[in-house]
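Peer 1: Protein chains in written order, with the numbering used here: chain A, 1 to 279; chain B, 1 to 279; chain C, 1 to 279.
Using N, Cα and C, we set each Cβ at its ideal position, and we do this for glycine too.
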Amino acid sequence: LPGPLVISLLTDYGLVDGFVGALHSVVRRAVPSAPIIDLTHLVTPQDVRAGSMALARAAPYLAPGVVVAVVDPGVGSERRGVAVQAVGGPAPGITFIGPDNGLLPPAVDLLGGAGTCVELEDRGYWLAALGPTFAGRDIFAPAAALLARGADISDLGRPIAAETLERLPAPVCRRLADGSVEAEITWVDHFGNVQLAAGPGDLGANLRTSHLLSLAAHGAALGSARLVRTFSDLAPQELGLLVDSYGQLAICLNGASAAAHLGVLEGDLVVVSNPAPSR
Amino acid sequence: LPGPLVISLLTDYGLVDGFVGALHSVVRRAVPSAPIIDLTHLVTPQDVRAGSMALARAAPYLAPGVVVAVVDPGVGSERRGVAVQAVGGPAPGITFIGPDNGLLPPAVDLLGGAGTCVELEDRGYWLAALGPTFAGRDIFAPAAALLARGADISDLGRPIAAETLERLPAPVCRRLADGSVEAEITWVDHFGNVQLAAGPGDLGANLRTSHLLSLAAHGAALGSARLVRTFSDLAPQELGLLVDSYGQLAICLNGASAAAHLGVLEGDLVVVSNPAPSR
Amino acid sequence: LPGPLVISLLTDYGLVDGFVGALHSVVRRAVPSAPIIDLTHLVTPQDVRAGSMALARAAPYLAPGVVVAVVDPGVGSERRGVAVQAVGGPAPGITFIGPDNGLLPPAVDLLGGAGTCVELEDRGYWLAALGPTFAGRDIFAPAAALLARGADISDLGRPIAAETLERLPAPVCRRLADGSVEAEITWVDHFGNVQLAAGPGDLGANLRTSHLLSLAAHGAALGSARLVRTFSDLAPQELGLLVDSYGQLAICLNGASAAAHLGVLEGDLVVVSNPAPSR
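1) List the whole-angstrom C-beta distance separating A:F134 from A:I97, where the pair is believed to meet the contact cut-off of C-beta under 8 Å.
2) Going along chain A, which residues have a C-beta under 7 Å from C:D17?
3) Need the endpoints of the alpha helix (DSSP H) that B:R49 sits in, please.
4) Straight-line CA distance for B:S273 to B:A217?
5) Quick one: what does DSSP say B:E163 is sitting in, helix, strand or coil?
6) Should A:F134 be flagged as near chain B, meaning a C-beta pair shorter than 9 Å?
7) Report the neighbours of B:P45 on chain D: residues whose CB is nearer than 8 Å to its CB, in chain order.
8) Which residue from C:G113, C:G179, C:G255 puts its Cα closest to that of C:A59?
9) With 9 Å as the threshold, decide whether the Cβ of A:T11 is near any Cβ in chain C.
10) According to DSSP, is B:A140 helix, strand or coil?
11) Write down the C-beta distance between A:V181 and A:A198 rounded to the nearest angstrom, noting that I regard them as a contact closer than 8 Å.
12) Return the CA-CA distance between A:R80 and B:L227, expressed in angstroms with no decimal places.
13) Would you call the CB atoms of B:V172 and B:L269 closer than 9 Å?
14) Using a Cβ cut-off of 9 Å (strictly closer), state whether C:P58 contacts chain B.
15) Quick one: does A:P200 have its CB under 9 Å from some CB of chain B?
16) Quick check: C:G281 and C:G179, are their CB atoms within less than 9 Å of each other?
17) From the DSSP secondary-structure annotation, give me the bridge partner or partners of B:P236.
18) Less than 8 Å between the CB atoms is what I'm expecting for A:P132 and A:G93, so what's the real figure, rounded?
19) Mapping the DSSP letters down to three states, classify B:L120 as helix, strand or coil.
20) Which term fits A:L1, buried or exposed, when burial requires 16 or more other beta carbons within 10 angstroms of its beta carbon?
21) Do the stretch 23-32 of chain C and the stretch 47-56 of chain C meet, that is, are 3 or more Cβ pairs less than 8 Å apart?
22) Using only CA atoms, which one of C:D152, C:A129, C:A161 lies nearest to A:T230?
23) List the whole-angstrom C-beta distance separating B:A225 from B:L213, where the pair is believed to meet the contact cut-off of C-beta under 8 Å.
24) Could you check the C-alpha separation between C:L265 and A:G18 for me, to the nearest Å?
25) Take the Cβ of B:A235 as the centre, count every other Cβ of all protein chains shown within 10 Å, and call the residue buried at 16 or more, exposed below.
26) DSSP three-state label for B:G81, please.
27) Under the rule that 16 or more other beta-carbon atoms within 10 Å means buried, what is A:D138, buried or exposed?
28) List, in order along the chain, the chain A residues whose C-beta lies closer than 9 Å to that of C:R137?
29) Contact criterion: CB-CB distance below 9 Å. Does C:L130 meet it with respect to chain A?
30) Residues of chain C with CB under 8 Å from A:A107, in chain order?
31) Report the three-state DSSP secondary structure of A:V26 (helix, strand or coil).
32) Could you name the residues of the same chain whose beta carbon sits closer than 8 Å to that of A:G136, not counting the 5 residues immediately before and after it, in chain order?
33) If the cut is a Cβ gap below 9 Å, which residues of chain C does A:V242 touch?
34) With distances taken between CB atoms, is the gap from A:L196 to A:T186 smaller than 9 Å?
35) Give every residue of the same chain whose Cβ lies closer than 7 Å to the Cβ of B:I36, excluding the five residues on either side of it in the sequence, and list them in chain order.
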């Protein structure tokens with residue numbers, strides 16, 4: 001017996017204003033006991049690309065049901081609201097609801113790609129909006145609530161082709177002429193770990209734990225980092241590189257913030273070189 | 001068949017200390033599966049008026065059930081704890097529980113006004129308190145849990161008259177001699193939008209989209225703002241005025257914080273003038 | 001009829017990254033309707049002792065079920081993951097899951113001490129981890145989900161002796177030669193109240209409300225504080241000492257932050273003297 005659909009939420013709404021509470025309220029007016037998960041509401045305001053990466057990190061672990069994702073600088077404009085059903089993933093048929101601005105596709109891709117897609121243009125389930133600037137409360141949450149009550153994605157609006165969904169540039173990860181790898185910083189987490197848009201495979205096959213790699217950013221050396229398994233393998237203040245819990249390479253320190261230590265930010269490019277093979 | 005009562009929470013407890021977790025725990029010890037909504041817990045500490053306005057914004061969307069609201073500088077003193085049942089609203093019989101210090105009435109008013117009101121003086125359901133400074137955990141959450149288990153509001157204490165509830169001054173909104181409108185800033189949201197205590201009707205009937213209005217605060221001009229439908233109607237750095245998702249006028253920028261740009265704060269008074277008709 | 005097990009979470013994960021959402025998702029993939037409580041996720045990063053004290057404050061109010069607590073600088077190392085069943089407490093059999101680094105024992109002690117303890121070494125329920133640094137998602141949450149589905153603690157791994165669990169030093173509270181009490185600051189809360197590792201009994205039996213006590217820290221006088229029942233008993237800027245909602249002594253102001261006023265921090269030692277009896 002399948003359980004109720006879980007409604008997972010990811011936004012840039014912040015936690016101060018009651019915007020998140022409004023989403024919960026709208027869902028629970030329709031389905032009082034609906035299980036709701038707050039994936040995060042602290043995406044950098046209006047940073048659609050950061051939101052798309054946060055959603056992609058969450059994707060492989062999502063509970064079966066509906067995901068409402070909102071980072072939406074174009075709210076109230078002609079940009080479409082969409083629902084996109086993933087083909088595969090941890091549970092079949094997870095449906096993503098949000099603006100058509102590039103936010104959803106990276107997560108959908110990780111769950112087998114897009115199956116049925118619709119534009120949320122059936123105003124029958126929209127809330128009567130006093131102003132057009134809170135689509136999360138007035139359109140997306142009601143759409144999710146409708147699915148939670150058993151509706152089909154096709155009840156939300158007219159079908160659209162998955163190929164018409166907006167997409168944003170993927171994070172940079174490329175091999176340079178000297179064999180080193182240049183990778184974008186995709187994420188600086190709460191602990192100051194610096195995730196790169198590169199996995200261990202991008203560094204070549206001859207890497208072993210304890211191998212030393214050189215790091216550079218903005219044309220300046222950041223120092224060398226030791227390839228380790230976990231934080232506590234590092235001495236205090238020793239820079240490390242590990243495969244993080246999302247399978248990506250991350251620069252880290254033991255018990256301190258690597259991002260603060262290095263002075264790097266999300267979006268910066270880091271060059272990782274393997275001194276041994278390159279000499 | 002009605003679902004279970006939803007318990008909605010709004011406090012100034014912050015998210016660091018475990019105060020919110022204590023409310024959830026107390027409710028769930030009585031009703032493990034109770035649906036709980038965190039409306040917000042980041043009301044400015046001890047700012048009862050800000051809390052009352054946040055609660056009023058949430059009111060029209062509340063799920064049927066009980067609202068526990070706590071911004072309570074007088075905790076442990078002679079101020080009363082009360083439960084107030086709203087007469088109307090999105091779902092009948094929503095009951096507000098909290099301190100009698102002005103926090104609840106604006107939300108109750110929006111839901112048709114107060115029906116039955118009681119003082120929470122029946123100590124039978126109170127938790128044995130080690131100190132008197134956490135009424136949310138020791139009195140209000142147990143009262144909500146009792147209602148969630150099917151009790152009637154009259155089980156919480158003796159009836160009191162709605163007219164005896166404390167009230168705070170309403171936000172300022174007045175027409176000046178020159179026909180302009182002076183309105184209090186009721187809210188600066190996460191994105192820096194500046195909500196005024198004025199709706200579109202307060203500006204007069206002759207307004208059209210793209211109309212330019214003059215803004216001033218503290219006796220100094222803030223610039224002119226264009227009346228728009230949504231953020232993306234504005235050019236970069238162009239000041240706008242729109243009807244926000246709560247039906248109020250709000251000063252905004254496209255993709256930036258109007259509050260930071262203008263240097264204004266909640267509680268400031270803004271004068272909005274309509275240059276054309278006034279000349 | 002007992003309700004479903006409640007899963008309570010306490011971590012230092014922060015609210016920005018989606019770490020908390022991942023825990024919820026993992027639990028809800030196993031039990032979609034599982035009641036989940038976020039006790040707090042804003043423990044100071046990697047501060048195991050602060051986390052252990054926050055967990056102990058939550059302990060007497062916990063809902064029946066499972067507590068997943070994670071403050072885990074040693075994640076991925078040889079430190080054990082454990083599940084510890086409390087003997088007593090508000091509900092029998094509350095089970096704590098987390099790293100064996102001192103985080104859990106103070107809370108377990110408050111609930112009657114440890115009964116069955118196991119090491120989480122049965123990899124059958126672990127998630128396939130891409131890297132070893134997110135035990136909360138990959139080991140602890142799956143263990144909690146297993147219990148929520150009806151498994152017994154013995155299904156999680158092999159029994160270990162409670163005496164082998166790591167423990168951290170208790171907060172300092174001692175009587176000095178001159179009869180004054182030196183107590184560690186165990187907590188500065190959201191409102192700036194300063195909780196001490198001393199209860200009213202530690203100050204001696206002859207205390208009455210309105211009694212004046214002298215406070216000192218770092219060898220310097222902080223001023224005198226009046227023993228009061230609640231905040232509003234104090235005049236503006238008058239320093240007070242009250243029995244807080246956890247039964248501990250706390251230094252406070254009325255409507256302001258005592259910690260900011262005094263310039264003290266968690267971990268500082270405060271000397272409380274009773275001038276009358278000592279002269």
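Peer 2: Inspection of the coordinates gives the following:
1) Position 134 of the first sequence, counted from the first residue, corresponds to residue 134 of chain A. Position 97 of the first sequence, counted from the first residue, corresponds to residue 97 of chain A. Between A:I97 and A:F134 the Cβ distance is about 15 Å, and since that is not below 8 Å, they are no contact.
2) Here residue 17 of chain C refers to the residue found at position 17 of the third sequence. Near C:D17 (Cβ distances below 7 Å), the residues of chain A are T40, D189, H190.
3) Position 49 of the second sequence, counted from the first residue, corresponds to residue 49 of chain B. 48-58 is the extent of the alpha helix (DSSP H) around B:R49.
4) Indexing the second sequence from 1 puts residue 273 of chain B at position 273. Indexing the second sequence from 1 puts residue 217 of chain B at position 217. Rounded to the nearest angstrom, the two C-alpha atoms are 12 Å apart.
5) The count along the second sequence starts at 1 and reaches residue 163 of chain B at position 163. B:E163: helix per DSSP, three-state reduction.
6) For the purposes of this step, residue 134 of chain A is taken as residue 134 along the first sequence, with counting starting at 1. Yes, A:F134 lies at the interface with chain B (some Cβ there is under 9 Å from its Cβ).
7) Of the protein chains in the structure, A, B and C, none is chain D.
8) Sequence index remark: in the third sequence, residue 59 of chain C carries index 59 (1-based). Of C:G113, C:G179, C:G255, the residue nearest in Cα terms is C:G113.
9) Counted from its first residue, the first sequence places residue 11 of chain A at position 11. False, the Cβ-Cβ gap to chain C never drops below 9 Å.
10) Indexing the second sequence from 1 puts residue 140 of chain B at position 140. Residue identity differs from the one stated: residue 140 of chain B is Phe in this sequence, not Ala. The answer is helix: DSSP assigns B:F140 an H, G or I state.
11) Counting from 1 along the first sequence, the entry for residue 181 of chain A is found at position 181. Counting from 1 along the first sequence, the entry for residue 198 of chain A is found at position 198. Yes, they are in contact, since the Cβ atoms of A:V181 and A:A198 sit about 5 Å apart, within 8 Å.
12) Within the first sequence, numbered from 1, the residue matching residue 80 of chain A stands at position 80. Within the second sequence, numbered from 1, the residue matching residue 227 of chain B stands at position 227. For A:R80 and B:L227, the distance between alpha carbons rounds to 23 Å.
13) Position 172 of the second sequence, counting from 1, holds the residue named residue 172 of chain B. Position 269 of the second sequence, counting from 1, holds the residue named residue 269 of chain B. Closer than 9 Å, so yes.
14) Here residue 58 of chain C corresponds to residue number 58 of the third sequence, with the count starting at 1. Sequence check: residue 58 of chain C is Ala here, not Pro. Judged by the 9 Å Cβ criterion, C:A58 is in contact with chain B.
15) Stepping through the first sequence from its first residue, residue 200 of chain A is reached at position 200. It does not: the Cβ of A:P200 has no partner Cβ on chain B nearer than 9 Å.
16) In the structure displayed, chain C extends from 1 to 279; residue 281 of chain C sits before or after that span and is not available.
17) On the second sequence, residue 236 of chain B is found 236 positions in, with the first residue counted as 1. According to DSSP, B:P236 bridges with nothing at all.
18) The residue labelled residue 132 of chain A in the question sits at position 132 within the first sequence. The residue labelled residue 93 of chain A in the question sits at position 93 within the first sequence. Contact flag wrong, Cβ pair sits at about 30 Å.
19) For the purposes of this step, residue 120 of chain B is identified with residue 120 of the second sequence, where counting begins at 1. Correct three-state label for B:L120: coil.
20) Numbered from its first residue, the first sequence carries residue 1 of chain A at position 1. Low local confidence applies: a pLDDT of 47 at A:L1 is under 50, so the model's placement there is unreliable, and no value is given.
21) no
22) Counting from 1 along the first sequence, the entry for residue 230 of chain A is found at position 230. Of the candidates C:D152, C:A129, C:A161, the one whose C-alpha sits nearest the C-alpha of A:T230 is C:A129.
23) For the purposes of this step, residue 225 of chain B is identified with residue 225 of the second sequence, where counting begins at 1. For the purposes of this step, residue 213 of chain B is identified with residue 213 of the second sequence, where counting begins at 1. The pair is a contact, with the Cβ atoms about 5 Å apart (cut-off 8 Å).
24) On the third sequence, residue 265 of chain C is found 265 positions in, with the first residue counted as 1. On the first sequence, residue 18 of chain A is found 18 positions in, with the first residue counted as 1. Taking the straight line from one Cα to the other gives about 31 Å.
25) The count along the second sequence starts at 1 and reaches residue 235 of chain B at position 235. When all chains shown are included, B:A235 counts as exposed.
26) The sequence position of residue 81 of chain B within the second sequence is 81, counting from 1. Strand at B:G81.
27) Along the first sequence, one-based indexing puts residue 138 of chain A at 138. Looking at its Cβ environment, which holds 16 or more other Cβ atoms inside 10 Å, A:D138 is buried.
28) As a first step, residue 137 of chain C must be located in the third sequence, where it is residue number 137. Neighbours of C:R137 on chain A, chain order: Y61, S245.
29) Within the third sequence, numbered from 1, the residue matching residue 130 of chain C stands at position 130. Interface residue, yes.
30) Looking up residue 107 of chain A in the first sequence gives position 107. Going along chain C, no residue has its Cβ under 8 Å from A:A107, so there is no contact; the nearest lies around 12 Å.
31) The count along the first sequence starts at 1 and reaches residue 26 of chain A at position 26. Note: A:V26 maps to helix in three-state DSSP.
32) For the purposes of this step, residue 136 of chain A is identified with residue 136 of the first sequence, where counting begins at 1. Excluding sequence neighbours, A:G136 sits near T11, Y13, F19, A22, L23, V68, V70, D72.
33) If you number the first sequence from 1, residue 242 of chain A lands on position 242. Strictly speaking, residue 242 of chain A in this sequence is Leu, with Val absent from that position. Within 9 Å Cβ-Cβ: G76, G131, P132, T133.
34) Within the first sequence, numbered from 1, the residue matching residue 196 of chain A stands at position 196. Within the first sequence, numbered from 1, the residue matching residue 186 of chain A stands at position 186. In this structure, A:T186 lies closer than 9 Å to A:L196 by Cβ.
35) For this step, residue 36 of chain B is matched to residue 36 along the second sequence. If we look at B:I36 and ignore the five residues flanking it on each side, its Cβ neighbours are I7, L9, H24, V27.
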